Amino acid sequence: MGLSGEQRKILQKALTDAFPNKSLLEQMVSFKLNDNLNTIAGGDNLNEIVFNLIQTAEAEGWVDKLIYAARRANPGSPSLKDKAIAAIAEAATTEQRDIKQTNPGSMGDGQQAGIGKSISQFQWFVNWVSQSSTPRQEYRNRQALLTKVKNFWVKGVLEKSLYHQVLIELGLEERPDAITNPLSEIIEIGDDSSQPLPEGTKVIDVFDQIGIGRTLLILGEPGSGKTTTLLELTRDLIARTEQDTNQLIPVVFNLSSWANKRQTITDWLVEELNTIYQVPKKIGKVLVTQQQLLPLLDGLDEVKADYRDDCIAALNTFHQKYGAELVVCSRIKDYQALSNRLNFQKAVCIRLLSLEQVCYYLDSVGDDLTGLRTLIAEDTVLQELAQSPLMLNIMTLAYQGVAVDDLPRTDVVEERRKQLFDAYIEKMFKRRKTNQRYKNVQVKHWLIWMAKRMVEESQTVFLIEKMQPSWLRNRKQKQIYWLSVGLIFGLTFGLMTGLTEGLTKGLVVGLIIWLMVRLMYGLKFGLMEGLIVGLMFGLMVGMMVGLMESLMFGLMEGLMFGLMGVLIKVLARGLMFGLMGGLMFGLMGGLMGGLMEEIKTVEMLQVNWKKILIHLLKFGLMIGLIFGLMFGLSLWFLFTLESPMQTLIFATMGGFKLEFMGWSIVWLMGGLMVGLMVGLESSEIETKISPNQGIWKSVRNAITVWLMRGLMVGLMFGLMEELIERLMFGLMEGLMERPTKELMFESIAGLIPGLTEGLMFGLMFELIAGLLNGGKACIQHFSLRLVLYRNNYIPWNYARFLDYAADRIFLQKVGGGYIFIHRMLMEHFAEMEPEN
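Here it is, written out as structure tokens:
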């Protein structure tokens, strides 16, 4: 379609508005048009690239497809919804339809329509296979993450925080001396002294004034409201993002965990997205590297002191590499003590409350604070503490209704702060006397232990599933933990292998007895009786045999094979069992050797039928046909040399066809198994969050992987073993020297135990896969919880206790995790000694 100059300008502006950077435009072209932007439209800047893209679409006649693809990629864009854009798309569609009607070609209408339909269906299949995700799924993932951030931090923390109750306007001042502005080397920035911002200035106003590539540092004293200010910014940014899908997704992180591994900021963000927000790592990496996030980073001062300078260097590197927008919070004194500075565009500091603001607030909250108002007017230590919004709110809660003579007095600020937190703790216990599930001394004991571990591990958000063996305090506790893991591991493996072997062998015995009864008494009388009696007897005997064999670790089975003296069977089976068994027990040894390592939960796996189909087609059909053909031709060649007449008879009876089909089925199973191995993946962001969700996901994953892969490995192993055995017997004895019916009966009778033994082996062997995909983490976590509970560090139902502590305003719930209402309260608990 040929566009007019005005139409071209309208379309160019709409596309640049909808896709404000090259990365977003590349995604649209790749996912919606299945093409490469660099191939079809080059250029030095975004406007030039969009112009060239439109020209290519005009020349090749797909302007309408370009517009529809852009709308699917960004359905919320007002520019693309404009009537002028709709008119251009409609005109382009009409023109293309007229061209097709004018040039129908030499074929008939029906034939052309049929071929066109087939081509379009094939193209749809190719596109479906090649796309890694759909626009609808991408949109769902975006909305799921945005909803989580809003629920976790705005509704769960900001709206319930102590700060939110302090109805005082927090003043801001600009601090250019706190940063290294990247523009300072190009232009003269001006005075770097602190400058108070106009009264009523919000942090969102400051952030908007920065412009493109916004970076902001928020500083303040402990308890001054840094996190609250950050969350207010988060709230305002979320409101915009909900209305405009072009906006970056604001996501809150806490930098305290960065020091644990000291990764690149990219890798750390991907890991935190997975841990806190349950974003699969593959999706998280795309979000981070394609600059779809606006990271809001709290707690630079909570990074271990030795690594804070390194953290600043990592943040500067990340910003320089991606040009990412960033916001960082830190205590001002901790930040000023560092040698490095953030290369940011702007820094602000939250001003402390004045005495007038404090008195105004106390006068506005009620008459129960008469004692506090009287004391604060004359006590300079209390005045200093009250400059912090956090401490002022703590005072109003702890000293409500307390007479001035009963209030503690001291000239030491730290001692007064300690007294204030102690009073707050006791007050919170008294406020919630109903539903007192635990004794107060128990609650304090468990919170003290939890706070100490969080301070030691530089954690801000506490997740039950992230407790580690390193939290055990002495060698004895670690030995008990190791022993518990070993016992549970052994019991699980023994029970599952025993039951699996017993059931499968029971079915084999039952089926064999059924066949014997059928031969002896005939089909008429023996079918139902043989089946019922055989299955019942076989299951009972099989369970007994299976359990006994699992206890003897296969000793009796090995002896039985030796006594039978069937050399070929022993060699064929021995080779496979030897290789697989060695691998299995080697993996078990490796697992047992790493029990004291970090407990790592796994992502929730889902069946990706697209990947399974791709690998089934790629590996199963291709390899199955090739190997089946090779095997069939090899047999034909061997038997032709030995006995041409027998070969002709065998081929006439369909023998080679059966062998070919058998081996094709085996390798088809192999392709399906490969598909299952790679087709279990995490492709969506979960919307529901609950405490200890990581462990429960690991349980489901372990069972899913074990059953799906165990069944496929078992079927493939059973078919392969039986086919190899049939081939070896046939080559040695001569397949055609015995009656055909006898040979067919032996093949069928041999296939049944081969399949059942294969299933038994597959399920036993794939226990290792189940352990690697979540089972190991479950066993480790349960054992750790058991040791911690026995030492009275935690209650048995930990989630219920943490909810109980949150009800008493010691903790706040953040998704599936918990945080103390403030870091200062966590530090206070960590400094306390537990009572007996």
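Numbered per this note's numbering, the sequence shown spans residues 18 to 853. Beta carbons: idealized from backbone N, C-alpha and C, even for Gly. Remember, predicted model here, so these are calculated numbers, not experimental data.
Pick from the options that is closest to residue i, judged by C-alpha positions
{"i": "D422", "options": "G388, M412, K447", "result": "G388"}
{"i": "V382", "options": "Q400, L392, S356, N410", "result": "N410"}
{"i": "M843", "options": "A354, A403, T477", "result": "T477"}
{"i": "L437", "options": "V398, K456, V171", "result": "V398"}
{"i": "V223", "options": "Q308, F827, K363, R454", "result": "K363"}
{"i": "Q308", "options": "T283, E289, L803, R454", "result": "T283"}
{"i": "Y156", "options": "L254, A74, L265, N38", "result": "L265"}
{"i": "T244", "options": "N291, T197, L187, P213", "result": "L187"}
{"i": "G230", "options": "K98, N38, G93", "result": "N38"}
{"i": "I227", "options": "L819, W499, V365", "result": "V365"}
{"i": "K49", "options": "A86, E75, D81, N55", "result": "A86"}
{"i": "K493", "options": "R807, L392, L332", "result": "R807"}
{"i": "Q212", "options": "L801, I300, A341, R192", "result": "R192"}
{"i": "Q404", "options": "K177, H845, G242", "result": "G242"}
{"i": "R802", "options": "T413, I497, Q374, K714", "result": "I497"}
Short Cβ contact (8 Å threshold) for residue i with residue j
{"i": "L314", "j": "V345", "result": "yes"}
{"i": "E249", "j": "V268", "result": "no"}
{"i": "T33", "j": "N64", "result": "yes"}
{"i": "I349", "j": "L236", "result": "yes"}
{"i": "G390", "j": "L372", "result": "For clarity, residue 390 is Arg in the given sequence; the question names Gly instead. Not a contact, by the Cβ cut-off of 8 Å."}
{"i": "R358", "j": "Y324", "result": "no"}
{"i": "A106", "j": "I71", "result": "no"}
{"i": "I367", "j": "L189", "result": "yes"}
{"i": "I185", "j": "L42", "result": "no"}
{"i": "V166", "j": "T251", "result": "yes"}
{"i": "F446", "j": "R825", "result": "yes"}
{"i": "L480", "j": "G833", "result": "yes"}
{"i": "S501", "j": "V171", "result": "no"}
{"i": "V472", "j": "A794", "result": "no"}
{"i": "R454", "j": "Y821", "result": "yes"}
{"i": "L355", "j": "T232", "result": "no"}
{"i": "L386", "j": "Y339", "result": "no"}
{"i": "I505", "j": "F827", "result": "no"}
{"i": "H845", "j": "K444", "result": "no"}
{"i": "R470", "j": "W488", "result": "yes"}
Length of the line joining the Cα atoms of residue i and residue j
{"i": "V67", "j": "R88", "result": "15 Å"}
{"i": "Q337", "j": "E395", "result": "52 Å"}
{"i": "I811", "j": "E850", "result": "16 Å"}
{"i": "V419", "j": "V430", "result": "20 Å"}
{"i": "G507", "j": "Q160", "result": "44 Å"}
{"i": "R490", "j": "N809", "result": "12 Å"}
{"i": "P425", "j": "C376", "result": "20 Å"}
{"i": "A31", "j": "T334", "result": "34 Å"}
{"i": "T25", "j": "D52", "result": "Just to set this straight, residue 25 is Arg in the shown sequence, not Thr. Roughly 21 Å between the two C-alpha positions."}
{"i": "A101", "j": "L20", "result": "12 Å"}
{"i": "L162", "j": "Q295", "result": "9 Å"}
{"i": "S96", "j": "N158", "result": "23 Å"}
{"i": "L392", "j": "E852", "result": "32 Å"}
{"i": "D81", "j": "P92", "result": "16 Å"}
{"i": "D194", "j": "C328", "result": "19 Å"}
Own chain partners of residue i with C-beta closer than 7 Å, once the 5 adjacent residues on each side are dropped
{"i": "G173", "result": "Q829, K830, V831"}
{"i": "G316", "result": "N271, L272, S273, C346, T477"}
{"i": "G60", "result": "I66, N69"}
{"i": "M841", "result": "P239, G240, L407"}
{"i": "V305", "result": "T283, L286, V287"}
{"i": "D428", "result": "V398"}
Neighbourhood of residue i by C-beta, 6 Å cutoff - its chain only, sequence neighbours within 5 removed
{"i": "A276", "result": "V320, K321, Y324, S475"}
{"i": "N168", "result": "none"}
{"i": "E288", "result": "none"}
{"i": "F361", "result": "I196, T232, L234"}
Near the ligand ATP: residue i beta-carbon under 7 Å from a heavy atom
{"i": "H839", "result": "Of the ligands one can find in the structure shown there are none, so the ligand ATP has no counterpart to examine."}
Close Cβ partners of residue i (< 8 Å) along its chain, the five nearest in sequence each way excluded
{"i": "A330", "result": "N357"}
{"i": "D318", "result": "R325, S347, R348, D351, Y352"}
{"i": "V303", "result": "Q309"}
{"i": "I442", "result": "K461, F827"}
CB contact below 8 Å: residue i versus chain B
{"i": "I796", "result": "The chain inventory of the structure shown lacks chain B, comprising one protein chain alone."}
- Could you tell me whether the stretch 256-264 touches the stretch 447-462, using the rule of 3 or more Cβ pairs below 8 Å? Here the stretch 256-264 does not lie against the stretch 447-462, with fewer than 3 beta-carbon pairs under 8 Å apart.
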